[in-house]
Each structure stands twice: as structure tokens, then as C-alpha cells.
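Chemist: Chains as they are written, first to last, in the working numbering: chain G, 2 to 292; chain P, 268 to 643. Just so you know, even glycine gets a beta-carbon here, dropped at the ideal spot from N, CA and C. As the structure is a computational prediction, the values presented were derived from the model and not from experiment.
#1: Rounded to whole angstroms, what is the Cα-Cα separation between residue 348 of chain P and residue 174 of chain G?
#2: Can you tell me whether DSSP reads residue 218 of chain G as helix, strand or coil?
#3: Does the separation of the CB atoms of residue 266 of chain G and residue 193 of chain G fall below 8 Å?
#4: Strictly by DSSP, which residues pair up with residue 475 of chain P?
#5: Please indicate yes or no: does the CB of residue 203 of chain G lie closer than 7 Å to some heavy atom of the ligand GTP?
#6: Enumerated in chain order, which unbroken segments of the beta strand (DSSP E) with a length of 3 residues or greater are wholly contained in the segment 315-373 of chain P?
#7: Taking 8 Å as the CB-CB cut-off, is residue 401 of chain P touching chain C?
#8: Can you round the beta-carbon distance between residue 210 of chain G and residue 138 of chain G to whole angstroms, since I take them to be within the 8 Å contact cut?
#9: Determine the direct distance from the alpha carbon of residue 121 of chain G to that of residue 459 of chain P, and round the result to whole angstroms.
#10: Excluding five sequence neighbours on each side, which residues of the same chain lie with their C-beta closer than 6 Å to the C-beta of residue 579 of chain P?
#11: Listing by chain order, which chain P residues have their CB less than 8 Å from the CB of residue 162 of chain G?
#12: Indicate the three-state DSSP secondary structure (helix, strand or coil) for residue 401 of chain P in the structure shown.
#13: Residue range of the beta strand (DSSP E) that residue 580 of chain P falls in?
#14: I want to verify the contact list: residues of chain G whose CB lies under 7 Å from the CB of residue 341 of chain P, in sequence order.
#15: Please classify residue 9 of chain G: is it buried, with 16 or more other beta-carbons within 10 angstroms of its beta-carbon, or exposed?
#16: Can you find at least 3 beta carbon pairs, one from the segment 51-58 of chain G and one from the segment 117-133 of chain G, that sit closer than 8 Å?
#17: Assuming residue 350 of chain P and residue 462 of chain P are in contact, meaning their beta carbons sit under 8 Å apart, how far apart are those beta carbons, in whole angstroms?
#18: Could you give the first and the last residue of the continuous beta strand (DSSP E) run that contains residue 523 of chain P?
#19: Please check if any C-beta of chain P sits within less than 8 Å of the C-beta of residue 154 of chain G.
#20: I think residue 300 of chain P touches residue 502 of chain P, with their Cβ atoms under 8 Å apart; what is that distance to the nearest whole Å?
#21: Please name the residue or residues paired with residue 408 of chain P in a DSSP beta bridge.
#22: Rounding to the nearest angstrom, what Cα-Cα distance links residue 277 of chain G and residue 358 of chain P in this structure?
#23: Expressed to the nearest angstrom, what Euclidean distance is found between the alpha-carbon atoms of residue 41 of chain G and residue 33 of chain G?
#24: Residue 552 of chain P by DSSP, collapsed to three states: which one?
#25: Three-state secondary structure (DSSP) at residue 149 of chain G?
#26: Spell out whether any CB of chain G is found under 8 Å from the CB atom of residue 524 of chain P.
#27: For residue 244 of chain P and chain G, any beta-carbon pair shorter than 8 Å?
#28: Report yes or no: do the segment 219-231 of chain G and the segment 148-161 of chain G share at least 3 C-beta pairs separated by less than 8 Å?
#29: Helix or strand or just coil, what does DSSP make of residue 282 of chain P?
#30: Please report how far the alpha carbon of residue 436 of chain P lies from the alpha carbon of residue 465 of chain P, in whole angstroms.
#31: Less than 8 Å between the CB atoms is what I'm expecting for residue 326 of chain P and residue 277 of chain P, so what's the real figure, rounded?
#32: Using a Cβ-Cβ cut-off of less than 9 Å, give me the residues of the segment 382-408 of chain P that come near chain G, in sequence order.
#33: Are the C-beta atoms of residue 55 of chain G and some chain P residue less than 8 Å apart?
#34: Mapping the DSSP letters down to three states, classify residue 292 of chain P as helix, strand or coil.
#35: Around the Cβ of residue 338 of chain P, are there at least 16 other Cβ atoms within 10 angstroms (buried) or fewer (exposed)?
#36: Taking the alpha-carbon positions, what's the residue 106 of chain G to residue 25 of chain G distance?
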């Protein structure tokens, strides 16, 4: 039996590394070809250059699409976080009725394909005689980001001692003051986390943006898709793609590390910060499902 | 700080079909240390929360110094609470925690500063003013919670099992400190606990609660020496509960029939009661005599176990009436208590004055036979 155990271990190990390679090789390839001095992404490489990067930044359409995506993502993230906070507060109340129905509706966008959502939203807009617009994209993105905001905020809200809010009121604070001075500051790092996750969700999103953005104003993912038909643009697109990947990576690292640091600083205790940092989206989902 | 008199009139609270607090009437004069004692689920915490304002009564009133406060928000009552989990604000320094309530009022900055340092001195934590709560020990956090409540000079302080999370030694120390604090500050303390020793040692008066009702209230000594029901007798200290039938006896006494063979004369408790009920005698009132002694209120028995407590010994005796007694015998003067190994035949003398007839409980809590444990 022992030799059987070793074989299984080796196979699992190999599977793990292959899987990792499968995920990461495309990204590595992208980075490599971003510096390739050739207009086609083929081997062998024809020398290194950074000209694609400078060309990309002078390409007005590309930079405008990037700016559009970033703006939409920021606005959608703020709205999703605020609404997510309100939803989380509501979900922690004892007096909530139809709890399962409420949770299910809020989490629905997680399981509905975005393309279906996009089609539904377009039909809705037409029914209301409203034109496609970037605002519509923002709203669509708020819908898909909201579940993530709740998944981050609700568990954090749950770990707060409910007696604290009572203590604040006992000491003379109004409900609003108690929320603003006690609950909200303690949620700080989680709010930032929620913002970042919502930002990334919106920035990356293709289906809703492609249906709801006006034709001359594509978001970055939409622009990418369109420009895949134009071979000349490819190197620039690859260059920007590399930057976006690097930026996302940095963002995630900063977000996680920053959150731990912020938690520690907030309450001045190492143990407490570690307890909070154990939370991840999967745990959040379980907690929400149980609520 | 004026007043602090609490009156609970017919106070009731229901959660769905469950009645947590069932028409409680209590009168607590200003400046008293009053405890609500009972097991989990008896309604003591719910009662406290109604006095604090976190729960609204379904019926009855909470009156403070004569004013009906039943519907007033907790922020507006001259009452402050020390929570079981302390509920300190982890992101604020100790001084800011204590200052929190003051800053909600129109108090000048300098006054806030001086009152905060006064409060921290009162609980001996002045040197920790700039720390955060997670950097203090449990006992210290407890004191911060106290300071934070007392700095507002409330008429009444509510304490919800504040010592529950602390180890035994720290608990005893803080019990003494809390009592001294209350005497020093002079306000009414309403204290909720399930620990009978705590309630007996600290309170001026206490109430034992059972299933949402007050079973008995009074001074610790009266409650211990003269419990009215089996529930109260069993909850406070160790009691020897014996099921028996009560019939008439000459004079102002009752005859207690234990089983078919033995009769005691009872001189305490509800002597008008007849029929099936429970009688009790405190372990320290039973006298163990040599085997074969006859006379009033004497029942033969055999020692089953002796637990040595140092200052005294617990002797477990199986009586011929099939009841088990726990007897506390202590060393008196220069006569050491007799050594009673298991198997020794003895005679149990239960003095009539110490045999108490108990009436049935008002609540539905079942009678728990107290297994013989060393007194805490």
C-alpha cells in the first residue's frame, strides 16, 4: 500500500503544478510578448522594446476606454459598498422577515450569467424608453458587485459584539451616533475590501458593459474585444493588458496586507487581527447562507 | 446623584409564546445592592434589560424614583449598564472609552478630562489611560467598563453577570472591590448573577427567580436561614431536601412523616401546610450522635462517605428512612470533630427548630436533588 501512496502523492503534485501552469502561463506569455519587438505575437521574439507601452498611452481610444472603465468601476464600487452596508445591517437584524427570500434575491447575481442579466437590462431600458448610457452600465455593475460587497461586510458585521452598540446607546448615543462612531469605524478595513472587490468586478466585466454602453463609448474589456479584430493594435493591447494584470496583482496584495495592518492598528491587538484575516469569500458565503 | 429607587410593577415580557418575565413586582430602595439570582433562562437578564431600556415590557411598569420609564430609550434613562462581555470599544483608547458618554452631553473639554481621570482613579487604572482595551486583562477591562458607566453619575448601575468570565480568585477579589465601590459611591446596584455565593456575600437584599417569577426575596441571611420553597432552599447553599407528608402535631408545630416508619417534629417554615411536600434542614444544623440514642427527632443512619474540607468535614449519611443527609460537622474549641469512616453507625438528630416545612414552588422548574458537593 505504501508504494500506492507515493504514486498518488506524485500524481497530485503533478496535477497541482500543471494546473498552476495552466492558470499562469497565459499571463507570463502576455508579459513576454508585451516587450517583443514585433507586430505579431509569434515566436521567436524579435528583440526587446518598450515602444508598445508608449504607443498604447498615446492611443486616445485605448486610454479613454481605460478611463471610462476606471470611472465606472469607482462609482459602481462606491454605490455597491454603500448598498451592501445597508443590506448587511438589515440582515443582522432579528426582526427581518422572509429572511431566506431576501438573501436569495441579493445573492442571485452570483449565479445568473451576466449575459442574461445584460439582455434583461437592455429590455428593461427599452421598456422605460431610456437610452443606453454609461450610467446604465454603472447600475448594471452595482447589481453584480452587490453580492460581493455583502459577502465581505456581513461576516465582519457579525463578528462585532452586539453589546457594543447597546453600550453606546446606554451611554447616551443616538442610534445614528452609535452606528457612526462605533460600528462604522470598526468596519473600516472591510469597507475598503468591499470597495476593491467591487471595483475589480466592475472593471473586468464584459457582457453588461457591451450591451449597455453607448456604441462610441466602450469600456476597456469591450474595447479589447473589438480591437482583437485589428491586428495592428494587438501589441498595444498586450502591453496594457500586462499593466492591468500587474496593477490587479498589486491591488490584491495591498488590499489583503493593508487590511491586516489596518485591523491591527485599529484595535491594537495581534490576535484580533489574525482572527479577522482568516475570513475569505468562501467563509463569507457560508455565513450568509446560514443567516 | 439623587435617588435611585427602582420599582417594578407587574413587569411582563414575552417572546412569542414564551413568557420570559411573568408579572414581577419588586421594590428596591435607593442606594441598595440588590441581586437577581437564578439559573440561566429564569428571566433575570431580561428583567435587567427592561430596567436598562433595551427591551420594552409587554405589560407592567419600570419606575425610577417614581417616574414611569418603561418606554424611555436607554440613552435617556439615569441608568447605566456594565455588560457581561464588558462591551468596550476596541478602536478607542481607555480614556476615550470612559469619556464616550460624557462627550454625548454638553460637557466642557476640561470637565471631561477631569471626570475621566477621576473615574480611572476610582478603579485604579489611571496608568492605562492611553492603552486600547485588547491590551488589558479581563479584570482590568471589567474595571474600565465600570469607570465608563460610573463617570456619568447614574442613579442606578446595572450589572449583568460582570464577573462571569473571570477565574475564581479574581472573582472573589472583585466581589469585595465591587461591594466597597458601591458603598463608596452610594448608588443603587442591580446585580444579575447565577452564583449564589456571589449574591449572598455582596447583596443587601436579593431575589431568587424561577421561570420568570420571583420565588422569594429578602436579606441574604433570611433567605438562607428561612427559605420558603424547595427551589430557594436548594439554590442557596446546600440543603437536605426530603419528601414527606405533613400532619398535625401538638402546639405550633407540624408532624413530618418520612416514609412509613419515621416521624419528625418540624418547628420552622410553613407550619400550616398539610399533605405531601418537601422539608429541609441545613447540613450544619444536623447533630450526629452515637448509634442507638433515642429521643425526639432522632433517626438511625450509616455513614457512606466523609469529605474532609479542612475547617470542617462533610459527612454523608444514609438514614434508615431511606433519605440521604449531608451533614457538616466542624471542629469546636479543643474538641476535634469525630472521625467517621464509612460504615459507622450513627444517630442523626434533627432539631425541631431547624426542620423547615417548604411550600411548593410557584414556577415549573423541577426539583434538582443536590448531589453532595463541597461548598464552594
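Modeler: Put simply:
#1: Rounded to whole angstroms, residue 348 of chain P and residue 174 of chain G show a C-alpha spacing of 14 Å.
#2: In this structure, DSSP gives residue 218 of chain G a state outside helix and strand, which the three-state scheme calls coil.
#3: Between residue 266 of chain G and residue 193 of chain G, the CB-CB gap reaches or exceeds 8 Å.
#4: Bridge partners of residue 475 of chain P: P:304, P:483.
#5: No copy of the ligand GTP occurs in the structure displayed, which carries no ligand at all.
#6: Counting only runs of at least 3 residues, the segment 315-373 of chain P fully encloses the following beta strand (DSSP E) elements, listed from N- to C-terminal order: 326-331, 346-349.
#7: Within the model displayed, chain C is absent; protein chains G and P are what it includes.
#8: About 5 Å; that satisfies the 8 Å criterion.
#9: Straight across, the Cα-Cα distance linking residue 459 of chain P with residue 121 of chain G is about 58 Å.
#10: Excluding sequence neighbours, residue 579 of chain P sits near 595, 597.
#11: Near residue 162 of chain G (Cβ distances below 8 Å), the residues of chain P are 352, 354.
#12: Of the three classes helix, strand and coil, the one that applies to residue 401 of chain P here is helix, per DSSP.
#13: DSSP places residue 580 of chain P in the uninterrupted beta strand (DSSP E) bounded by 579-586.
#14: Residues of chain G whose Cβ lies closer than 7 Å to the Cβ of residue 341 of chain P are, in chain order, 170, 171.
#15: Exposed, by the Cβ-count rule.
#16: Cβ pair count under 8 Å is below three, so no.
#17: The Cβ separation is near 17 Å, so there is no contact.
#18: For residue 523 of chain P, the enclosing beta strand (DSSP E) starts and ends at 521-525.
#19: With 8 Å as the cut-off, residue 154 of chain G does not count as an interface residue toward chain P.
#20: Taking a contact as a CB-CB distance under 8 Å, the pair residue 300 of chain P and residue 502 of chain P does not count as one, their CB atoms being some 19 Å apart.
#21: None; residue 408 of chain P has no bridge partner.
#22: Interpretation of residue 277 of chain G is limited by its pLDDT of 41, a score under 50 that renders its predicted location unreliable; the figure taken from the coordinates is listed afterwards. Annotation: residue 277 of chain G to residue 358 of chain P spans about 14 Å, alpha carbon to alpha carbon.
#23: Between residue 41 of chain G and residue 33 of chain G, the alpha-carbon positions lie close to 13 Å from each other.
#24: DSSP places residue 552 of chain P in helix when its eight states are reduced to three.
#25: In the structure shown, residue 149 of chain G sits in a helix (DSSP, three-state: H, G or I).
#26: Not one chain G Cβ lies under 8 Å of residue 524 of chain P.
#27: With chain P running from 268 to 643 in the structure shown, residue 244 of chain P is simply not present.
#28: Short answer: they don't touch.
#29: Residue 282 of chain P falls in the strand class under three-state DSSP.
#30: Computed Cα separation, rounded: 13 Å.
#31: Approximately 6 Å separates the beta-carbon atoms of residue 326 of chain P and residue 277 of chain P; this is inside 8 Å, confirming the contact.
#32: Those residues of the segment 382-408 of chain P that come within reach of chain G (Cβ to Cβ, closer than 9 Å) are 398, 399, 400, 401, 402.
#33: Taking 8 Å as the threshold, the shortest C-beta distance from residue 55 of chain G to chain P does not fall below it.
#34: For residue 292 of chain P, the secondary structure class from DSSP, reduced to helix, strand or coil, is strand.
#35: Sixteen is the threshold: since fewer than 16 other Cβ atoms of the shown chains lie within 10 Å of the Cβ of residue 338 of chain P, the residue is exposed.
#36: A straight line joining the alpha-carbon of residue 106 of chain G with that of residue 25 of chain G spans about 35 Å.
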